[in-house]
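Engineer: In order, the protein sequence lines correspond to chains A and B.
The working numbering puts the last residue of the first sequence at 476; the count rises by one with no breaks.
The working numbering puts the last residue of the second sequence at 476; the count rises by one with no breaks.
Number of protein chains: 2
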Amino acid sequence: MNGDVLGPGPHTRVRRLPAKATYEAVAVFDIIDEARWCHVAGVVNGLAMSLPTLHAREGRTIYLHASQSNAVMRAIVAQGEACVTFTLYDGLRLARSGFESSIAYRSAVVVGAVRVIDDDAEKARILERFVDVILPGRAREVRPASDSEIRLTMVVAVEIDEASAKVSAGPTEDLESDLELPIWSGTVPARLVFDTPIPSADGAMATGAIEVPESVRRLLDGQ
Amino acid sequence: MNGDVLGPGPHTRVRRLPAKATYEAVAVFDIIDEARWCHVAGVVNGLAMSLPTLHAREGRTIYLHASQSNAVMRAIVAQGEACVTFTLYDGLRLARSGFESSIAYRSAVVVGAVRVIDDDAEKARILERFVDVILPGRAREVRPASDSEIRLTMVVAVEIDEASAKVSAGPTEDLESDLELPIWSGTVPARLVFDTPIPSADGAMATGAIEVPESVRRLLDGQ
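(1) Does the beta carbon of Pro261/B sit closer than 9 angstroms to a beta carbon anywhere in chain A?
(2) Note down, one range per segment and in chain order, each alpha helix (DSSP H) of at least 4 residues found wholly within the region 282–363 of chain B.
(3) Please look up how many angstroms separate the CB atoms of Ser360/A and Phe339/A, rounded, as I've assumed it's under 8 angstroms.
(4) Tell me, please, which residues DSSP counts as bridged to Thr406/B.
(5) Are any of the Cβ atoms in chain B nearer than 9 angstroms to that of Met254/A?
(6) In angstroms with no decimal places, state the Cα-to-Cα distance between Leu345/B and Arg327/A.
(7) For Glu353/B, tell me which candidate among Ile403/B, Ala274/B, Ile413/B and Leu428/B has the shortest Cα-Cα distance.
(8) What residue range is occupied by the uninterrupted beta strand (DSSP E) comprising Arg444/B?
(9) Excluding the five sequence neighbours on either side, which residues of its own chain have a C-beta within less than 7 angstroms of the C-beta of Phe472/A, listed in chain order?
(10) Under 9 angstroms between beta-carbons, which chain A residues line up against Ile387/B? List them in chain order, please.
(11) With distances taken from CA atoms, which of Gly439/A, Val362/A and Val411/A is nearest Ser420/A?
(12) What does DSSP give as the partner residues of Lys419/B in its beta bridges?
(13) How many Å lie between Arg268/A and Gly295/B at the Cα?
(14) By how many angstroms is the C-alpha of Val258/A removed from the C-alpha of Leu270/B?
(15) My guess is that Ile413/B and Ala309/B are in contact by the Cβ rule of under 8 angstroms, so how many angstroms apart are they, rounded?
(16) Skipping 5 residues on each side, what residues in its chain have a beta carbon closer than 8 angstroms to that of Ile285/B?
(17) Going by CA-CA distance only, name the one from Ala410/B, Gly456/B, Thr440/B and Glu375/B that's closest to Glu334/B.
(18) At the 9 angstroms Cβ level, is Leu317/B part of the contact set with chain A, yes or no?
(19) Could you tell me whether any Cβ in chain A is nearer than 9 angstroms to the Cβ of Asp431/B?
(20) Given a cut-off of 9 angstroms on the beta-carbon distance, is the pair Leu405/B and His264/A in contact?
(21) Using CA atoms only, rank isn't needed, just tell me which of Pro424/B, Met458/B and Ala422/B is closest to Glu433/A.
(22) When DSSP builds the beta bridges, which residues end up paired with Val369/A?
(23) Give me the chain B residues within the contact set of Thr275/A, using Cβ-Cβ distance strictly less than 8 angstroms, ordered along the chain.
(24) Can you check which of these residues, Asp455/B, Arg266/B, Leu304/B and Arg313/B, is closest to Val279/B by C-alpha distance?
(25) Can you pull the chain B neighbours of Val420/A, defined as C-beta to C-beta under 7 angstroms?
(26) So with Cβ pairs under 9 angstroms, would you call Glu464/B a contact of chain A?
(27) Below 8 angstroms CB to CB, which residues in the same chain sit around Ala366/B once its five sequence neighbours on both sides are set aside?
(28) Confirm, please, whether the CB-CB distance from Asn323/A to Leu304/A is below 9 angstroms.
(29) For Asp474/A, does the three-state DSSP call read helix, strand or coil?
(30) Report back the beta-carbon spacing between Asp431/A and Arg396/B to the nearest angstrom; my notes put them in contact at under 8 angstroms.
(31) Exposed or buried, what is Thr440/B when buried is set at 16 or more other beta-carbons lying within 10 Å of its beta-carbon?
(32) Output needed for Val465/A: all residues of its chain with C-beta closer than 8 angstroms, excluding positions within five of it in sequence on either side, in chain order.
(33) Whole angstroms is fine: what's the gap from Glu467/A's alpha carbon to Thr306/A's?
(34) Measure from the C-beta of Val409/A to each C-beta in chain B and report whether the shortest distance is under 9 angstroms.
(35) Using three-state DSSP, classify Ile379/A as helix, strand or coil.
(36) For Glu516/A and Pro442/A, what's the separation of their Cα atoms in angstroms?
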C-alpha cells in the first residue's frame, strides 16, 4: 500500500455502514493526533482485553508506553502484532427514531507489527514526546527523565500495516417515512474544555511565585 | 463475591499502582454510568481488537448492541466471555517531571459471561434504554422501534463476574527531590460540554415550528 491509503486490509475492512468508512492516511492520522488517549487490545490469560493508554505518532509509527509489568503491553509484544483503537466523541445525532439516533464520532483502528524500543537514547527521545502529547510544549518545562525512569518504562512501536477510520457526522439520516413526524431532530455538538488550573501547594509552589507556564496558557487561550 | 465488591479476579487484579485501584461496585458502576461509550474487546481473525460502542447498565448486567454483522460482537458471543473497558478523561496532572506527569482519568474494566438477547420484547425494552443512554429522556420523544429495526440489531448482555476501577486524580505526586525545583506543577481539569443544537432542516423540521425538546433543554441547562 502506498503512503496515502492504509487499507482496507484483512483486519480493518469496514463492513457495517461502509459509506462512513475511509482508509485515507490523512483522515486516519488526523483522528489519531486529535485523540488524547487510545485503547490497545491484547490477549491476557486467554481473554481479549483492552487498555486505555497514551500514544504518540510519528509517520506510520504509533508509540505506546507503560510500566514494564503491564500485562496487555506484554501480550502485544509476545503476539508481535497489535490493534490500537482511537475514538473521538463529537456529540449527539438525534433522529426521529431511536434506530437512526446515535452519537457523532470519529474512530480509527490500526493494526501493525510491534517492536520494543530498547535503546535508552531512543526511549528518552520518545518519552519526551509523550510529555508533549499530554500537553504540547510541556516537555521543555519539566525536569528531564532520569536513567532509572527510562529503564522503568516500556516503550513499544506499532508500525501501521493497515488502518481504517469511521466518521459519523452531519445531519441525522431519518427514514423517508419519518420526515413528517412532529418530532424534533438535529445534532448537538460536544467538545472537551479545560477549566482553571489548580496549582500544587507543596515545595517551591507554596510560595505562589511560580507563574502558570506557557504550555498551560496556550492550552487555555486556544479553546 | 458479594454485591459490594466486584474483584479482584484473575482478569482484573490491578498490579501497577495498586493504590489507585478499587474493586468496590459503587465506584465501578459510577464510572460505567458516566462513560458515554466503552470499548469491547474480542479476537477477530486471530487478533485481539477493540471496538468503541455504547452501553447500558442494569445492576451487574452491561448491555451492548450492534449490527448483527459486527465482527467483534460475534467474537465475544462465540467466546462466551468478554472484557469491556470504560474510560473517562478528567484533565491533566502536570508534575515537575515528565515521568510523574500524566492525565487525570477514571477507568473501569469488567469481565463477564456473554448472553445474546433473543426475545423481541426484551430487545425492544433494552433498545429503548439505549436511546436514553444517548440522551436521557429521549426515548419517549422518538418514534418507537419497528419489528424490523429490532431484528436488525444484535443485543448482548455481559453479566459482570469481576471488575476493577482505577482512578488518577488529585494533586501531582512528585519526587521529594523535585519539590523545590522552580517548575510550575498542578492539575488542569477537563470536561465535556455540549454546544447549541443544530436542528435538522428536512421534513417537518423545515417549518421551524418544532421546538427543542425537553431532553435537549435539560442536557444544556444541566451543564
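Built from N, CA and C at the ideal position, the CB exists for glycine as well.
These figures come from a predicted structure and were not determined experimentally.
Structural biologist: Well, looking at it:
(1) Here the question's residue 261/B lines up with position 8 in the second sequence. Chain A contact via Cβ: absent.
(2) Entirely contained in the region 282–363 of chain B, the alpha helix (DSSP H) runs reaching 4 residues are, in chain order, 324–332.
(3) The residue you call residue 360/A lines up with position 107 of the first sequence. The residue you call residue 339/A lines up with position 86 of the first sequence. About 6 angstroms; that satisfies the 8 angstroms criterion.
(4) Counting from 1 along the second sequence, the entry for residue 406/B is found at position 153. Answer is Ser320/B, bridged to Thr406/B.
(5) Counted from its first residue, the first sequence places residue 254/A at position 1. Legend: pLDDT at Met254/A = 49, less than 50; position of this residue unreliable, no value from coordinates given.
(6) Here residue 345/B corresponds to residue number 92 of the second sequence, with the count starting at 1. Here residue 327/A corresponds to residue number 74 of the first sequence, with the count starting at 1. Approximately 26 angstroms between the Cα atoms of the pair.
(7) The residue labelled residue 353/B in the question sits at position 100 within the second sequence. Ranking the options by Cα distance to Glu353/B, first place goes to Leu428/B.
(8) Within the second sequence, the letter at position 191 stands for residue 444/B. That run of the beta strand (DSSP E) goes Gly439 to Phe447.
(9) Walking along the first sequence from the start, residue 472/A turns up at place 219. Residue identity differs from the one stated: residue 472/A is Leu in this sequence, not Phe. The answer, listed in chain order, is Leu388 and Phe447.
(10) If you number the second sequence from 1, residue 387/B lands on position 134. Neighbours of Ile387/B on chain A, chain order: Leu345, Arg346, Leu347, Gly351, Ser354, Ser355 and Ile356.
(11) Along the first sequence, read from residue 1 onward, the residue named residue 420/A stands at position 167. This sequence places Val at residue 420/A; Ser is not what is there. Nearest C-alpha to Val420/A: Val362/A.
(12) Taking the second sequence and counting its residues from 1, the one referred to as residue 419/B is at position 166. Beta-bridge annotation (DSSP): Lys419/B is paired with Ala274/B and Ser360/B.
(13) One-based indexing of the first sequence puts residue 268/A at position 15. One-based indexing of the second sequence puts residue 295/B at position 42. The straight-line gap separating the alpha-carbon atoms of Arg268/A and Gly295/B is approximately 17 angstroms.
(14) Start at 1 with the first residue of the second sequence, and residue 270/B comes out as number 17. Start at 1 with the first residue of the first sequence, and residue 258/A comes out as number 5. Computed Cα separation, rounded: 40 angstroms.
(15) Reading the second sequence from its first residue, position 160 is the one you call residue 413/B. Reading the second sequence from its first residue, position 56 is the one you call residue 309/B. Ile413/B to Ala309/B, Cβ: 13 angstroms. No contact.
(16) Within the second sequence, numbered from 1, the residue matching residue 285/B stands at position 32. Within the same chain, Ile285/B has close Cβ partners Cys291, His308, Arg310, Ile315, Phe339, Ala361 and Val363.
(17) Indexing the second sequence from 1 puts residue 334/B at position 81. The closest CA to that of Glu334/B, considering only Ala410/B, Gly456/B, Thr440/B and Glu375/B, is found on Ala410/B.
(18) Taking the second sequence and counting its residues from 1, one reaches residue 317/B at position 64. No, its Cβ sits nowhere closer than 9 angstroms to a Cβ of chain A.
(19) As a first step, residue 431/B is located in the second sequence; it is residue number 178 there, counting from the start. So, interface residue.
(20) To locate residue 405/B, count along the second sequence from 1; it is residue 152. To locate residue 264/A, count along the first sequence from 1; it is residue 11. In this structure, His264/A does not lie closer than 9 angstroms to Leu405/B by Cβ.
(21) Against the first sequence, residue 433/A aligns to sequence position 180. Sorting Pro424/B, Met458/B and Ala422/B by C-alpha distance to the C-alpha of Glu433/A places Met458/B at the top.
(22) The residue labelled residue 369/A in the question sits at position 116 within the first sequence. Its beta-bridge partners are Val409/A.
(23) Working through the first sequence from its first residue, we reach residue 275/A at position 22. Listed by position along chain B, the residues whose Cβ is nearer than 8 angstroms to that of Thr275/A form an empty set, because the closest Cβ is around 16 angstroms away.
(24) In the second sequence, the residue the question calls residue 279/B occupies position 26. Restricting attention to Asp455/B, Arg266/B, Leu304/B and Arg313/B, the CA atom closest to the CA of Val279/B is found in Arg313/B.
(25) Here the question's residue 420/A lines up with position 167 in the first sequence. From the beta-carbon of Val420/A, no residue of chain B is found nearer than 7 angstroms; the closest lies around 13 angstroms away.
(26) Your numbering for residue 464/B matches position 211 in the second sequence. Taking CB atoms only, Glu464/B has a neighbour in chain A less than 9 angstroms away.
(27) Here residue 366/B refers to the residue found at position 113 when the second sequence is read from its first residue. Only Gly333, Glu334, Val411, Glu412 and Asp414 meet the Cβ criterion.
(28) Translated into positions along the first sequence, residue 304/A becomes position 51. Translated into positions along the first sequence, residue 323/A becomes position 70. Using a Cβ distance threshold of 9 angstroms, Leu304/A and Asn323/A count as a contacting pair.
(29) To locate residue 474/A, count along the first sequence from 1; it is residue 221. Note: Asp474/A maps to helix in three-state DSSP.
(30) Against the first sequence, residue 431/A aligns to sequence position 178. Against the second sequence, residue 396/B aligns to sequence position 143. That pair is a contact at about 6 angstroms.
(31) Taking the first residue of the second sequence as 1, we reach residue 440/B at position 187. With 16 or more other Cβ atoms from the protein chains shown falling within 10 Å of its own Cβ, Thr440/B counts as buried.
(32) As a first step, residue 465/A is located in the first sequence; it is residue number 212 there, counting from the start. So the list reads Pro450 and Pro452, once near-sequence residues are dropped.
(33) Working through the first sequence from its first residue, we reach residue 467/A at position 214. Working through the first sequence from its first residue, we reach residue 306/A at position 53. Rounded to whole angstroms, Glu467/A to Thr306/A spans 25 angstroms at the Cα level.
(34) Here residue 409/A refers to the residue found at position 156 of the first sequence. Not one chain B Cβ lies under 9 angstroms of Val409/A.
(35) Position 126 of the first sequence holds residue 379/A. Residue state, collapsed to three classes: helix.
(36) No answer is possible for residue 516/A: the residues shown for chain A start at 254 and end at 476.
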